[in-house]
Amino acid sequence: SLDEAEPLDTCEKRLKVLRNGRWQTMYRPVNNDRPFSGTCLAESFAKAYAEEHPDVDVGIIPCADGGTYLDQWQENSLLFDNAVYSAKLAMRTAHLVGILWHQGEGDCGEARYPFYFEKITAIMSALRRALGAEDIPLVVGGLGDFLKDRVESPGLVNYPYVNEALVRFAESAHRTAFASAEGLTSNPDNLHFNHASLMEFGLRYYAAFKTVENNDIVFDENDKTDDSVRTQMELL
Numbered sequence: 075s076l077d078e079a080e081p082l083d084t085c086e087k088r089l090k091v092l093r094n095g096r097w098q099t100m101y102r103p104v105n106n107d108r109p110f111s112g113t114c115l116a117e118s119f120a121k122a123y124a125e126e127h128p129d130v131d132v133g134i135i136p137c138a139d140g141g142t143y144l145d146q147w148q149e150n151s152l153l154f155d156n157a158v159y160s161a162k163l164a165m166r167t168a169h170l171v172g173i174l175w176h177q178g179e180g181d182c183g184e185a186r187y188p189f190y191f192e193k194i195t196a197i198m199s200a201l202r203r204a205l206g207a208e209d210i211p212l213v214v215g216g217l218g219d220f221l222k223d224r225v226e227s228p229g230l231v232n233y234p235y236v237n238e239a240l241v242r243f244a245e246s247a248h249r250t251a252f253a254s255a256e257g258l259t260s261n262p263d264n265l266h267f268n269h270a271s272l273m274e275f276g277l278r279y280y281a282a283f284k285t286v287e288n289n290d291i292v293f294d295e296n297d298k299t300d301d302s303v304r305t306q307m308e309l310l
């Protein structure tokens with residue numbers, strides 16, 4: 075029943091998620107790309123950001139699609155365009171302050187991992203360019219060591235090569251940082267991070283983000299309520 079719901083604390087009330095172009099109070103699953111979607115690292119990242127920025131609401135723009143390859147994120151692909159459209163829609167009522175990226179399990183195969191660095195460099199350059207935000211902070215995260223124990227997917231033993239490419243990318247790209255997954259643990263499937271590790275991973279992402287954060291943002295430049303955005307027809 076509704077009266078059993080736990081009240082939100084002051085910080086949680088400021089956590090938002092983009093739904094249908096509008097900001098709603100954050101709820102799970104934040105990223106509902108699959109019927110079995112659960113928690114995500116963006117939750118603890120957003121809460122940590124909100125705690126250190128008490129004067130602003132913090133919104134998440136969920137665009138992840140689990141189990142995908144980099145080839146599916148190339149410029150002008152469906153996933154790429156969805157991310158761009160979603161971010162641009164959010165930017166009508168908010169200020170974009172960062173991009174969080176975690177992907178790579180699908181590219182661990184021998185035919186894919188040798189090209190990871192070149193592909194992610196091209197994709198992220200195109201994404202920043204498409205958003206008109208080439209100075210936007212970007213954090214990429216490493217793959218978990220538990221992948222080597224997933225016997226159903228032998229190609230995952232190559233995950234260190236993807237991690238090396240991610241570190242190399244973070245070191246070479248502008249305003250980009252790397253969050254390590256070292257020591258984090260998985261669900262019994264040896265594929266997905268468990269809840270506790272995801273929450274810790276989000277904090278690691280935030281720590282990495284702070285090393286490349288843009289502290290010159292003036293939030294009131296384009297922050298506005300949903301209701302303040304009007305179409306030309308509504309203005310007549």
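Residue numbers are given in our numbering: position 73 of the sequence shown equals residue 147, and the series is strictly consecutive.
Ideal Cβ positions, reconstructed from N, Cα and C, are used throughout, including at glycine.
**Request:** State the start and end residues of the unbroken alpha helix (DSSP H) segment that holds residue 171.
**Result:** As a first step, residue 171 must be located in the sequence shown, where it is residue number 97. Going by DSSP, residue 171 is part of no alpha helix (DSSP H) at all; its letter is neither H nor E.
**Message:** Tell me the DSSP secondary structure of residue 217 in three-state form.
**Reply:** Residue mapping note: residue 217 aligns to position 143 of the sequence shown, counting from 1. Residue 217 carries a coil assignment under DSSP once its states are collapsed to helix, strand and coil.
**Request:** Return the bridge partner residues of residue 90 from the DSSP annotation.
**Result:** Here residue 90 refers to the residue found at position 16 of the sequence shown. Residue 90 has 99 and 133 as its beta-bridge partners, per DSSP.
**Prompt:** Given a threshold of 16 other Cβ atoms within 10 Å of its Cβ, counted over all protein chains shown, does residue 184 qualify as buried or as exposed?
**Reply:** Position 110 of the sequence shown, counting from 1, holds the residue named residue 184. Residue 184 comes out exposed.
**Asked** Going by DSSP, what residues sit across from residue 253 in a beta bridge?
**Response** Within the sequence shown, residue 253 is the residue found at index 179, counting from 1. Per DSSP, the beta-bridge partners of residue 253 are 215.
**Prompt:** Is it a yes or a no for the region 244 to 264 touching the region 274 to 286, going by three-plus beta-carbon pairs under 8 Å?
**Reply:** Output reads yes: the region 274 to 286 touches the region 244 to 264.
**Request:** Identify every residue that forms a DSSP beta bridge with residue 267.
**Result:** The residue you call residue 267 lines up with position 193 of the sequence shown. Looking at the DSSP assignment, residue 267 forms a beta bridge with 260.
**Request:** May I ask you to report which of helix, strand or coil DSSP gives residue 278?
**Result:** Start at 1 with the first residue of the sequence shown, and residue 278 comes out as number 204. Residue 278: helix per DSSP, three-state reduction.
**Request:** Taking residue 236 and residue 178 to be in contact with their CB atoms under 8 Å, please state how far apart those CB atoms are, rounded to whole angstroms.
**Result:** On the sequence shown, position 162 is the one that residue 236 refers to. On the sequence shown, position 104 is the one that residue 178 refers to. Right, the Cβ-Cβ distance comes to about 4 Å (below 8 Å), so this counts as a contact.
**Message:** Judging by CA-CA distance, which residue of 174, 137 and 188 is the nearest neighbour of residue 163?
**Reply:** The residue labelled residue 163 in the question sits at position 89 within the sequence shown. Ranking 174, 137 and 188 by Cα distance to residue 163 puts 137 first.
**Request:** Whole angstroms is fine: what's the gap from residue 259's alpha carbon to residue 265's?
**Result:** Position 185 of the sequence shown, counted from the first residue, corresponds to residue 259. Position 191 of the sequence shown, counted from the first residue, corresponds to residue 265. C-alpha of residue 259 to C-alpha of residue 265: approximately 9 Å in a straight line.
**Classification of residue 121 by the beta-carbon crowding that lies within 10 angstroms, buried from 16 upward** = Translated into positions along the sequence shown, residue 121 becomes position 47. Sixteen is the threshold: when 16 or more other Cβ atoms of the shown chains lie within 10 Å of the Cβ of residue 121, as they do, the residue is buried.
**residue 99 burial status per 10 Å Cβ neighbour count (16 or more: buried)** = One-based indexing of the sequence shown puts residue 99 at position 25. Looking at its Cβ environment, which holds fewer than 16 other Cβ atoms inside 10 Å, residue 99 is exposed.
**Item:** Cβ-Cβ distance between residue 214 and residue 243 below 9 Å
**Value:** As a first step, residue 214 must be located in the sequence shown, where it is residue number 140. As a first step, residue 243 must be located in the sequence shown, where it is residue number 169. Yes; because the gap between Cβ atoms is below 9 Å, this pair is in contact.
**Prompt:** Is residue 269 buried or exposed, if buried means 16 or more other CB atoms sit within 10 Å of its CB?
**Reply:** Here the question's residue 269 lines up with position 195 in the sequence shown. It is exposed - the Cβ of residue 269 has fewer than 16 other Cβ atoms within 10 Å.
**Prompt:** Does the distance from the C-beta atom of residue 253 to that of residue 216 stay below 9 Å?
**Reply:** Within the sequence shown, numbered from 1, the residue matching residue 253 stands at position 179. Within the sequence shown, numbered from 1, the residue matching residue 216 stands at position 142. Going by C-beta atoms, residue 253 is nearer than 9 Å to residue 216.
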